[in-house]
Amino acid sequence: MPFTNKYVIIVLIILVIVIIYYFAIPFIRHIKLHQDTKKLYASLKDSSLPWKVFTRSEQGRNIYLFEQGEGESTTLILAAMHGDEQNTFHLAVKLADTIYTKPDLINSKVVIVPAVNPDGLLRNERINANEVDINRNFPTENWRPIYEKYKYNPGYEAGSEKETQAVMELINLYQPDKMVVIHADLHVLNYDGPAKDLVLRMADYNGYRIESSIGYPTPGSLGTYAGVEARIPTITLELPDIGPEEAWEQNFEALIQAINFPE
Ligand SMILES: [Zn+2]
123 MPFTNKYVII
133 VLIILVIVII
143 YYFAIPFIRH
153 IKLHQDTKKL
163 YASLKDSSLP
173 WKVFTRSEQG
183 RNIYLFEQGE
193 GESTTLILAA
203 MHGDEQNTFH
213 LAVKLADTIY
223 TKPDLINSKV
233 VIVPAVNPDG
243 LLRNERINAN
253 EVDINRNFPT
263 ENWRPIYEKY
273 KYNPGYEAGS
283 EKETQAVMEL
293 INLYQPDKMV
303 VIHADLHVLN
313 YDGPAKDLVL
323 RMADYNGYRI
333 ESSIGYPTPG
343 SLGTYAGVEA
353 RIPTITLELP
363 DIGPEEAWEQ
373 NFEALIQAIN
383 FPE
């Protein structure tokens, strides 16, 4: 074989490996995860856990809630506000499962909502059924009806979406002392409001980098609504692009610490 042909074949093989590793495997992994998400969401209806239907989404899907524990403080944990952040849903359901079977893990009350945006979750899309980004739809001072990218659509009016209203009602009803909102996949801990000590504690356990700002403006975000304006310590836990098992290994202890904080 002439030297040049050999060279071309080697380059092609490397190219195929790169394509498989960086595109095909992640693509298949995401499809599989979405299938698992649909099954897991459907299973909540008949779960042995006492899931409550807190309210319903724009398309009438159940927005589930799990609550457990007694004590001075209440922690509200929210996930899948963006429906394409599928690993956040799995992490929150597993946290509820674990706390239910091992109640001694926590010393105070926790309220877990694993899918704020079930319509988006089941379609594997960031936005809700009305194509609104829930995390830009909260009635904050900086909410505005203009947006640059489709995926940041803040809605026609602040607080217009059922999913946004659900979170506002949860905050009103439970008056949480702190909140952890799970997103993906920036691999960072972000915080709003008086949450510095809490974020340091979580970082001790998951080793994620801490940032006080996500790096781009987020008008109408929950962090601004709850953290900056209502002064509720609010952590945005941004998972990396990893599967549910790895997300659990990295964050189980950090989440338990957040619930039990400051103890
Ligand atoms: Zn998100």
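Read in the numbering used here, the sequence shown has 299 at position 177, and its numbers run on one by one without any break. Ideal placement from N, C-alpha and C gives every residue a C-beta, glycine not left out. What you are looking at is a predicted structure, and each value in this text was computed from that prediction instead of being measured.
message: Quick check on this structure: which residue in L187, I132 and M203 has the alpha carbon closest to the alpha carbon of L295?
response: Considering only alpha carbons, the answer is L187.
Neighbourhood of T159 by C-beta distance below 8 Å, restricted to the same chain and skipping five residues each side: Excluding the 5 residues flanking it on each side, T159 has same chain C-beta neighbours closer than 8 Å at Q208, F211, H212, L243, L244 and N246, in chain order.
message: Let me check understanding here. Comparing Cα to Cα, which of P362, P240 and Y143 lies closest to P328?
response: Per the sequence presented here, residue 328 reads as Asn, with Pro not at that position. When each option's Cα is compared against that of N328, the closest is P362.
message: My output table needs one value for M203: the three-state DSSP class, helix, strand or coil.
response: Here DSSP, grouped into helix, strand and coil, assigns M203 to coil.
message: Just list the residues that DSSP pairs E285 with in beta bridges.
response: According to DSSP, E285 bridges with nothing at all.
field: Inter-residue Cα distance where the pair is G315 and K167
entry: Each residue's Cα considered, the two are about 35 Å apart.
Whether T286 touches I256 by CB criterion (8 Å): Going by C-beta atoms, T286 is nearer than 8 Å to I256.
- prompt: Beta carbon of E333: closer than 7 Å to some heavy atom of ligand 1?
  reply: Checking the Cβ of E333 against ligand 1 gives no.
field: Collapsed DSSP secondary structure at I249 in the structure displayed
entry: Note: I249 maps to coil in three-state DSSP.
- prompt: Among F383, E189 and L377, which residue has its Cα nearest to the Cα of V303?
  reply: The residue with the shortest Cα to Cα distance from V303 is L377.
task: For my contact list, H204 and N229 are in at a C-beta cut-off of 8 Å; report their separation, rounded to the angstrom.
output: Not really, about 31 Å apart at Cβ, beyond 8 Å.
Inside the region 133 to 217 only - alpha helix (DSSP H) runs reaching at least 4 residues: The qualifying runs are 147 to 165.
- prompt: Between the C-alpha atoms of T356 and S165, what's the straight-line distance to the nearest angstrom?
  reply: The straight-line gap separating the alpha-carbon atoms of T356 and S165 is approximately 29 Å.
- prompt: Taking Cβ positions, are Y278 and P267 nearer each other than 8 Å?
  reply: For Y278 and P267, yes; Cβs fall inside 8 Å.
query: Is N257 near ligand 1, judged by its Cβ being under 7 Å from some heavy atom?
result: It does: the Cβ of N257 is within 7 Å (strictly closer) of some heavy atom of ligand 1.
task: Spatial neighbours of D299 within its chain, please: CB distance less than 6 Å, with the 5 preceding and 5 following residues excluded, ordered by chain position.
output: The residues are S195 and T196.
task: Pull up the distance between the alpha-carbon of A306 and that of L359, whole angstroms please.
output: Looking at the two C-alpha atoms, the distance is approximately 8 Å.
query: When burial is assigned at 16 or more other CB atoms within 10 Å of the CB, is E371 buried or exposed?
result: With fewer than 16 neighbouring CB atoms inside 10 Å of its own CB, E371 falls in the exposed class.
message: Let me check you understand the geometry: is the CB of E207 closer than 7 Å to at least one non-hydrogen atom of ligand 2?
response: Although ligand 2 was asked about, the structure shown includes only ligand 1 as ligands.
query: Taking the continuous beta strand (DSSP E) assigned at I106, which residues delimit it?
result: Look at the range of the chain in this structure, 123 to 385, and you will see that residue 106 is not part of it.
query: Heavy atom of ligand 1 less than 7 Å from the Cβ of M324, yes or no?
result: With a cut-off of 7 Å, the C-beta of M324 is classified as distant from ligand 1, since no heavy atom of the ligand falls inside that distance.
message: Taking 7 Å as the cut-off, is the C-beta of M203 nearer than that to any heavy atom in ligand 1?
response: Placement of the Cβ of M203 at a distance of less than 7 Å from at least one heavy atom of ligand 1 is found.
query: Between the beta-carbon of D241 and the beta-carbon of S334, is there less than 8 Å?
result: No, the pair does not count as a contact, with Cβ atoms beyond the cut-off.
message: I need the straight-line Cα distance from I142 to K224, nearest angstrom please.
response: I142 and K224 have their alpha carbons spaced roughly 41 Å apart.
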